[in-house]
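Undergrad: In the working numbering, the protein residues as written are 19 to 430. In this text, a Cβ means the ideal position worked out from N, Cα and C, and glycines have one as well.
(1) Pop quiz: residue 349 and residue 332 are said to be a contact at Cβ under 8 Å. What is the actual Cβ separation, rounded to whole angstroms?
(2) Which one of 403, 422, 402 and 33 has the shortest CA to CA distance from residue 188?
(3) Where does residue 264 fall in DSSP's three states?
(4) Work out the CA separation of residue 151 and residue 80 for me, nearest whole Å.
(5) Taking the straight line between their C-alpha atoms, what separation do you get for residue 300 and residue 198?
(6) Taking only the alpha-carbon atoms, compute the straight-line gap between residue 84 and residue 193 and give it to the nearest angstrom.
(7) Looking only at C-alpha atoms, which of 268, 39 and 19 sits nearest to residue 426?
(8) DSSP state of residue 228, grouped into three classes?
(9) By DSSP, does residue 133 sit in helix, in strand, or in coil?
(10) Among 389, 229 and 318, whose alpha-carbon lies nearest the alpha-carbon of residue 431?
(11) If you reduce the DSSP assignment to three classes, tell me which class residue 205 lands in.
(12) Kindly indicate which residue of 419, 304 and 108 has the alpha-carbon position closest to the one of residue 209.
(13) Does DSSP put residue 119 in a helix, a strand or coil?
(14) So, do the stretch 407-416 and the stretch 337-345 have three or more beta carbon pairs nearer to each other than 8 Å?
(15) Looking at residue 191: is its Cβ nearer than 7 Å to the Cβ of residue 201?
(16) Quick one: grab the DSSP three-state call for residue 184.
(17) Is any non-hydrogen atom of the ligand COA found closer than 6 Å to the C-beta of residue 70, if you look at the structure I gave you?
(18) With H, G and I counted as helix, E and B as strand and the rest as coil, what does DSSP make of residue 217?
(19) Would the beta-carbon of residue 67 fall within 7 Å of that of residue 163?
(20) For residue 237, which of 37, 258, 282 and 253 has the nearest alpha-carbon?
(21) Please confirm if the stretch 356-370 is in contact with the stretch 255-270, defined as three or more CB-CB distances below 8 Å between the two stretches.
(22) Is it the case that the Cβ atoms of residue 386 and residue 293 are separated by a distance below 7 Å?
(23) Tell me, please, whether the stretch 397-411 touches the stretch 215-234 by the rule of three or more beta-carbon pairs shorter than 8 Å.
(24) Compute the Euclidean distance between the alpha carbons of residue 285 and residue 320, then round it to the nearest angstrom.
(25) Once the 5 residues before and after residue 274 are set aside, which same chain residues still bring their CB inside 7 Å of it?
(26) What did DSSP end up calling residue 23 once you bin it into helix, strand or coil?
(27) Any idea if residue 263 is buried or exposed, counting beta-carbon neighbours within 10 angstroms, 16 or more meaning buried?
(28) DSSP three-state call for residue 319: helix, strand or coil?
(29) Pull up the distance between the alpha-carbon of residue 381 and that of residue 195, whole angstroms please.
(30) Can you tell me whether DSSP reads residue 109 as helix, strand or coil?
(31) What separation, rounded to the nearest whole angstrom, lies between the Cα atoms of residue 27 and residue 106?
(32) I'd like to check one pair, residue 330 with residue 302: are the Cβ atoms closer than 7 Å?
(33) Quick one, are the C-beta atoms of residue 167 and residue 421 less than 7 Å apart?
(34) Please list, in chain order, all residues of the same chain as residue 102 whose beta carbon is under 6 Å from its beta carbon, the five residues on each side excluded.
(35) Quick test of your reading: residue 169 and residue 23, contact by CB under 8 Å. State the CB separation rounded to the nearest angstrom.
(36) Return the CA-CA distance between residue 149 and residue 37, expressed in angstroms with no decimal places.
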């Protein structure tokens with residue numbers, strides 16, 4: 019059963035401050051983009067999460083003094099009154115509304131032990147170099163600054179507690195520049211805290227939707243702290259990592275599309291002939307370029323959109339091999355375009371569905387030869403893969419809206 023504990027968050031002192039501090043996750047930006055964002059909004063939490071923005075470009079992102087600067091900025095925010103420290107352990111309710119659709123999560127601290135024992139399910143591999151960055155950041159700052167996005171199968175009893183809490187006044191209510199509205203409530207009454215914690219104890223498993231590297235890094239710091247404190251009793255904050263937990267029925271996964279820089283030596287005519295031998299191919303107009311059902315792909319080549327439909331004999335019941343991202347990889351990207359490892363091959367790039375079909379066309383008109391639009395992976399497919407103890411191919415899911423960093427900090 020899932021242990022989700024309340025914690026005393028360090029959080030913005032006012033709604034106005036929250037609107038300036040809250041930032042998209044650190045890994046959404048490259049260095050140049052992060053620097054531009056901090057120049058535009060000097061209070062942005064990127065000055066903590068991407069502290070290299072305060073240094074010349076010849077200073078490495080991973081230089082120890084960058085992490086020391088992050089620590090200095092974070093704790094000065096508390097000292098200066100930009101942040102407050104909650105005076106008791108609480109849960110928080112975090113609602114994000116985008117284009118009229120809302121999702122409401124519970125902010126709490128998930129268990130390192132649950133991560134180790136598989137109560138918290140994973141569906142992606144992590145890379146050591148990306149982990150090390152956040153390990154150093156957490157360790158130096160003595161805090162977890164980015165929430166992990168977790169999902170669980172919807173629970174009516176959790177919904178009741180959450181809906182009741184949302185009838186109170188929100189502590190934050192602002193709309194970010196991208197149009198996403200953010201609202202936060204505090205659950206601080208002992209009986210409500212006990213009730214919500216008990217509800218999660220009846221949830222048998224939760225799933226990492228987004229934030230695998232942040233979760234793995236927080237867990238590794240927790241295990242390091244255990245070794246440094248052999249007398250630990252399990253209640254210490256380093257045994258938990260900050261998370262926002264959403265019911266599955268509220269979540270929306272967008273398509274995660276592919277663009278490839280060349281046709282692996284083939285002419286347009288030879289390539290389309292090969293594709294026609296693998297899929298049922300139909301010319302379509304742009305209005306139908308985004309697939310509306312599984313096992314169909316849109317393909318943009320030489321100014322024309324096509325629908326590619328997987329043939330029945332190529333369908334697969336395996337939870338990973340049957341994913342559309344796997345079918346495209348195994349039927350076309352590897353055997354025809356020579357993309358053996360999409361994690362490392364520089365010839366392929368990935369475009370989040372939030373950017374739309376125009377971005378795929380733009381890439382093909384600038385630096386790519388062909389684009390593929392995908393039908394989104396479903397939350398059910400994500401659960402099935404994780405339950406089977408398997409891993410999804412890279413770039414299988416794109417969640418929107420993105421959780422903001424800086425609204426909650428978990429001191430460890």
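TA: On the basis of the supplied data:
(1) 6 Å
(2) 33
(3) strand
(4) 7 Å
(5) Rounded to the nearest angstrom, the two C-alpha atoms are 37 Å apart.
(6) 30 Å
(7) 39
(8) strand
(9) helix
(10) What the structure shows of the chain is the stretch from 19 to 430, and residue 431 is not part of that stretch, so it cannot be assessed.
(11) Strand, per DSSP.
(12) 108
(13) strand
(14) yes
(15) yes
(16) coil
(17) Absence of the ligand COA is noted for the structure shown, with no ligands found whatsoever.
(18) helix
(19) yes
(20) 258
(21) no
(22) It is not a contact, given that the beta carbons lie outside the stated cut-off.
(23) yes
(24) 11 Å
(25) 368, 370, 371, 392, 413, 414, 415 and 416
(26) strand
(27) buried
(28) Reduced to three states, the DSSP call for residue 319 is strand.
(29) 26 Å
(30) strand
(31) 9 Å
(32) no
(33) yes
(34) Once the five neighbours on either side are set aside, the close Cβ partners of residue 102 are 31.
(35) Not confirmed; about 18 Å, so no contact.
(36) 29 Å
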